[in-house]
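Working notes, structure below.
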Amino acid sequence: MTFTEPGLYVRNGFAEGPLADAALSRAARAGQLIDDLQEQASTMTDSQLRDGVYRALRRFTQEQPPTCQVDSITALIRRGVRIHWPASDRLPCA
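Numbers given in the numbering used here equal positions in the sequence shown, counted from 1, plus 5.
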């Protein structure tokens, strides 16, 4: 087991600890928000959809997402391209 910082360590190629759990939780929640947006996209205005994508990405990264990324994902959803946001139960480390 390798400790990287308090609350985060690596064991058998996967991150573990409370920080890894928090990251996985954020990823799962962001994925759920993206799924919800894809289901509701036809009833949303472009600005509502864009705002929803922004909020989902911000929840995941905890930072302001790049405008080009928000616009790109918004355009894909609007065109009906299904965005897959897999969130596993373990966080692999390189």
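All C-beta atoms, glycine included, are put in the ideal place defined by N, C-alpha and C.
Report back the beta-carbon spacing between residue i and residue j to the nearest angstrom; my notes put them in contact at under 8 Å.
i, j, result
"Arg60", "Leu38", "7 Å"
"Phe19", "Pro71", "Their Cβ separation, rounded to whole angstroms, is 28 Å, which puts Phe19 and Pro71 out of contact at 8 Å."
Under three-state DSSP, which class holds residue i?
i, result
"Pro23", "helix"
"Glu68", "coil"
"Val86", "coil"
"Arg16", "strand"
"Thr3", "The question about residue 3 has no answer, for the chain in this structure spans 6 to 99."
Quick check on the burial criterion: 16 or more other C-beta atoms within 10 angstroms. Buried or exposed for residue i?
i, result
"Thr79", "buried"
"Ala25", "buried"
"Ala35", "buried"
"Val175", "Because the chain is modelled from 6 through 99, residue 175 falls outside the range shown and cannot be assessed."
"Ala27", "exposed"
"Gly57", "buried"
"Arg87", "exposed"
Between the segment 64 to 80 and the segment 15 to 34, are three or more C-beta pairs nearer than 8 Å?
yes
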